[in-house]
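Structure first, then comments.
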Amino acid sequence: MGFEVTNLRAAVDVLRARGLVFEEYDLPGLKTVDGVAEIVGNYPSKGGKGELAAWSKDSKGNVLGLSQSLR
């Protein structure tokens, strides 16, 4: 499941303060820094230059995502 937010870094800070753990990835083309990845080229339908994204897992291991379009 994914959620679009207007300020990803603020949302991550609030959720982290409440105990949510964000995933860290270091893959070709996708690297998180402090739980946040900058992805170039997503959201072309919104005229964006890309997105910021962060992922966490729920209590059953399902991945939940947050994203913010970069304009």
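Just so we're aligned, residue 1 is where the sequence shown starts under this note's numbering, counting upward by one.
Beta carbons are placed, not taken as given, at the ideal position from N, Cα and C, and that holds for glycine.
As the structure is a computational prediction, the values presented were derived from the model and not from experiment.
{"Check": "Inside the segment 14-46 only - beta strand (DSSP E) runs reaching at least 3 residues", "Outcome": "30-33 and 36-40"}
{"Check": "8 Å Cβ cutoff met for L20 and S59", "Outcome": "no"}
{"Check": "Classification of G41 by the beta-carbon crowding that lies within 10 angstroms, buried from 16 upward", "Outcome": "exposed"}
{"Check": "For R71 and A54, the rounded distance between their alpha carbons", "Outcome": "18 Å"}
{"Check": "Whole-angstrom distance between V33 and Y25, CA atom to CA atom", "Outcome": "8 Å"}
{"Check": "Assigned exposure category for L30 - 16 Cβ within 10 Å defines buried", "Outcome": "exposed"}
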